[in-house]
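As structure tokens, the structure follows; a few thoughts come after it.
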Amino acid sequence: MAPLHNVYSTEKLPQRLLEEGVGKAAIQDNEQIIRNEFAALQNQLVLLRQKRWLLIDTLRQLEVEMGGCKGPITTFIVEPFVPHHEKFYLTIVSERLGGSISFQNVENRN
3 MAPLHNVYST EKLPQRLLEE GVGKAAIQDN EQIIRNEFAA LQNQLVLLRQ
53 KRWLLIDTLR QLEVEMGGCK GPITTFIVEP FVPHHEKFYL TIVSERLGGS
103 ISFQNVENRN
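Going by my numbering, the first residue of the sequence shown is number 3, and it counts up by one from there.
This is the structure in structure tokens:
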């Protein structure tokens, strides 16, 4: 991402602040603060993008082993976190001649 080189305030805003009695030095200080905050946000976005790609590369290298078969994980589903008021357990057991699925509410779990 290219660095930001734009001026963030309009010509009208400093003029209005001058009319309201705010000094020119204070206006320039505020503009510099805003530029610094935007630059910091931009740097954070760049770091987050780098972390995301590192995570994706790491996930692509993972393999799973089930029933003696080993293979890469090829599909990822990413969903936003949704808080739940109840917890449930789901177990899927796959065997050569069939499988079973168990579903249990946490309150019933011993």
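For glycine and all other residues, C-beta sits at the position ideal for the given N, C-alpha and C.
Span of the alpha helix (DSSP H), counted from its first residue to its last, around residue i
| i | result |
| --- | --- |
| Lys14 | Lys14 to Glu21 |
| Thr60 | Lys26 to Arg62 |
The beta strand (DSSP E) enclosing residue i, as first and last residue numbers
| i | result |
| --- | --- |
| Val95 | Phe90 to Glu97 |
| Gly70 | Run containing Gly70: none; DSSP gives neither H nor E here. |
| Phe105 | Gly100 to Asn107 |
Beta-carbon separation (whole angstroms), residue i vs residue j, contact threshold 8 Å
| i | j | result |
| --- | --- | --- |
| Pro74 | Glu67 | Incorrect: roughly 11 Å between the Cβ atoms, too far for contact. |
Contact test: residue i Cβ vs the ligand SAH heavy atom, cutoff 7 Å
| i | result |
| --- | --- |
| Ile94 | With respect to small molecules bound, the structure shown includes none, and the ligand SAH cannot be examined in it. |
Own chain residues within Cβ distance below 6 Å of residue i, not counting five before or after
| i | result |
| --- | --- |
| Ile103 | Ile94 |
| Tyr91 | Gln106 |
| Asn38 | none |
Proximal residues to residue i (C-beta, below 8 Å), its chain only, five neighbours per side dropped
| i | result |
| --- | --- |
| Leu61 | Ile75 and Phe78 |
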